[in-house]
């Protein structure tokens with residue numbers, strides 16, 4: 001029965017991916033952009049888990065666990081970089097971060 | 001036990017990272033760390049070379065694959081790491097970067113690149129990719145007193161995170177289509193699968209994702225900012241090792257995993273290659289800052305290498321592998337000169353090269369030679385590399401792309417010569433400049449390798465002929 005629902009899960013994962021990508025393009029706060037990245041990664045996770053359940057094998061589940069772990073590391077680094085940025089110029093907006101041009 | 005001997009390069013490199021971590025806490029002289037790093041890299045190199053003759057083997061349920069293709073890329077990465085250890089010290093101390101952390105992170109980033117090259121398993125490739133990029137985000141932001149460095153870091157981070165999301169989504173589609181995360185099984189599954197639209201979607205995600213990684217146009221916008229703002233040794237590492245690792249993974253995924261769907265991508269890849277080299281070269285002409293110029297030059301060079309992917313014949317792959325090796329040496333050497341100069345003149349403008357021929361004749365001569373290699377003038381390795389790429393493109397039926405490469409080499413002459421003109425013809429300050437022995441050794445190795453690959457390319461070409469990407 002779950003196997004029949006794989007398309008619904010995939011549709012949801014596609015929607016999440018688009019929300020994440022759109023947010024990353026449109027929003028200007030680095031923190032919100034970081035959250036959008038997380039949404040994108042979770043969209044991929046959902047697709048992996050749905051496929052794994054549908055196909056009945058384990059690789060997708062294992063991949064998801066590893067992605068969650070990596071995403072945690074990525075967030076830790078991302079927040080550190082954002083803190084560094086705030087400390088330097090109180091930048092709540094990535095459009096203000098524009099010293100490098102050419 | 002044989003498994004461990006095949007994994008020895010990675011084990012040594014991981015051990016080196018941990019050793020540096022311990023040394024950083026206990027030893028006060030940071031030069032000790034660089035020496036330990038160079039020794040560790042030499043040990044890694046020895047382990048890589050020792051594994052070269054071994055037949056292709058997959059260990060640990062196919063998660064790690066040790067074959068000549070992987071060993072060749074590991075050779076490139078290890079050489080780059082060693083040169084970075086050699087030439088970074090003085091720059092890092094002058095800019096008050098935490099030297100120990102830099103060495104540790106660059107070691108782990110190289111370990112990630114090793115893993116990316118040595119697997120046909122998507123999970124390992126993904127983990128290697130993330131290990132490399134997450135270390136690189138931190139490296140790019142290591143100049144803590146410089147606002148440009150944190151800007152480089154945040155831009156690199158946001159684009160890099162987007163990239164991994166896009167790649168991951170493409171990988172999940174591949175997995176869903178075939179039920180496997182192993183590229184050989186994916187290829188078999190795709191050949192049997194009728195779902196052409198999902199295969200195309202997976203291809204789009206993967207090419208776009210790795211396009212970001214190798215800074216191909218139109219996915220390049222982060223690259224000039226990141227390469228300009230990051231500490232110069234980090235820029236050198238990213239432009240060479242990170243890009244080569246991206247190409248290693250892209251080659252494996254496209255030429256092994258997506259092989260059944262490859263013909264429909266070749267035209268797209270050829271257009272991307274053409275746009276990338278043209279855009280990089282044209283934009284580089286108007287740059288006034290050294291690192292930014294080299295960043296656009298790196299984009300153009302990525303375009304040349306992409307020609308090898310687009311043509312996708314065994315000849316074109318071995319031509320691009322040769323070119324990647326030459327490119328690594330030429331670029332790292334050029335960066336060694338840039339680092340030497342910025343140790344004395346921190347502004348890093350192209351104008352700073354004025355009068356370098358009198359201030360440091362050996363450095364100026366080396367720089368001129370390496371730039372000639374990047375243009376592709378004989379007797380440098382760059383000439384031979386471009387010639388074989390050109391020949392592979394013609395043989396592969398993409399004559400227009402070969403012509404575009406030749407035209408692009410001509411377009412690239414002005415901005416490389418601008419540096420040479422500044423060094424030799426312009427008047428500048430006359431104080432002599434020097435550098436530490438490590439930097440001189442790194443520059444010497446780069447120049448010697450570029451020259452050797454140009455004069456005696458045969459041994460490497462012969463080696464590349466025996467090297468197969470397919471399982």
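Chains as they are written, first to last, in this note's numbering: chain A, 1 to 102; chain B, 1 to 471. Virtual Cβ for every residue (Gly too), placed ideally from N, Cα, C.
Its Cα nearest to that of residue 61(B), the residue 121(B) stands out among 170(B), 121(B), 205(B) and 391(B).
Relative to residue 440(B), the option among 337(B), 210(B), 345(B) and 302(B) whose CA is nearest is 337(B). For residue 66(B), the enclosing beta strand (DSSP E) covers residues 64-66.
Under the DSSP definition of a beta bridge, residue 59(B) partners with 64(B). Excluding the 5 residues flanking it on each side, residue 139(B) has same chain C-beta neighbours closer than 6 Å at 105 and 234, in chain order. For residue 147(B), the closest Cβ of chain A is nearer than 8 Å.
As the crow flies, the alpha-carbon of residue 41(A) is around 13 Å from that of residue 173(B).
Going by C-alpha positions, residue 374(B) is about 29 Å away from residue 131(B). The Cβ-Cβ distance between residue 20(A) and residue 39(A) falls below 8 Å. Secondary structure note for residue 95(B): it is in no alpha helix (DSSP H), with a DSSP letter that is neither H nor E.
Taking 4 residues as the minimum length, the alpha helix (DSSP H) runs contained wholly in the region 149-227 of chain B are 183-192 and 196-213, in order along the chain. Pairing residue 20(B) with residue 37(B) gives a Cβ-Cβ distance under 8 Å. Less than 8 Å separates the beta-carbon of residue 405(B) from that of residue 307(B). Listed along the chain, the chain A residues whose CB falls inside 9 Å of the CB of residue 43(B) amount to none; the nearest CB is some 27 Å away. In this structure, the straight-line span from the alpha carbon of residue 269(B) to that of residue 318(B) is close to 17 Å. If you draw a 10 Å sphere on the C-beta of residue 143(B), you find 16 or more other C-beta atoms in it, and that means buried. Three or more Cβ pairs drawn from the region 326-333 of chain B and the region 71-90 of chain B lie within less than 8 Å of each other, which places the two stretches in contact. When rounded, the separation of the alpha-carbon atoms in residue 247(B) and residue 52(B) is 20 Å. CA-to-CA, the gap between residue 162(B) and residue 37(A) works out to about 6 Å. Of the residues assessed, residue 400(B) falls on the exposed side of the cut-off, its CB having fewer than 16 other CB atoms within 10 angstroms. If you ignore the 5 residues before and after residue 148(B), its C-beta comes within less than 6 Å of the C-beta of 229, all in its own chain and listed in chain order. DSSP assignment within the region 425-458 of chain B yields the following whole alpha helix (DSSP H) runs of 4 residues or more, N-terminal first: 437-455. Burial state of residue 346(B) is exposed, judged by a 10 Å Cβ sphere holding fewer than 16 other Cβ atoms. The beta strand (DSSP E) runs of length 3 or more contained entirely in the region 307-353 of chain B do not exist; there are none. A buried status is given to residue 252(B), since no fewer than 16 other beta-carbon atoms sit within 10 Å of its beta-carbon.
Sequence-distant partners of residue 17(A) (beyond 5 residues in either direction) whose C-beta falls short of 6 Å from its own C-beta, in its chain, are 40 and 43.
Taking a Cβ-Cβ threshold of 7 Å, the residues of chain B close to residue 89(A) are 147, in chain order.
The continuous alpha helix (DSSP H) containing residue 277(B) extends over residues 263-285.
Comparing C-alpha distances from residue 108(B) to each of 168(B), 368(B) and 41(B) shows the shortest one belongs to 41(B). DSSP places residue 28(A) in the coil class of the three-state scheme, outside both helix and strand.
Within chain B, not a single residue places a beta-carbon under 9 Å from that of residue 68(A); the smallest gap is close to 12 Å.
Taking the Cβ atoms as the reference, residue 136(B) lies roughly 19 Å from residue 33(B), outside the contact range of under 8 Å. Scanning its chain for C-beta atoms nearer than 6 Å, with the 5 sequence neighbours on each side dropped, one finds no residue around residue 365(B). Taking C-beta separations shorter than 6 Å and ignoring five residues to either side along the sequence, the partners of residue 297(B) in its chain run 284, following chain order. Taken in chain order, the members of the region 124-156 of chain B whose beta-carbon sits within less than 8 Å of a beta-carbon on chain A are 126, 127, 130, 134, 137, 138, 141, 144, 147, 148, 150, 151, 152, 153, 154 and 155.
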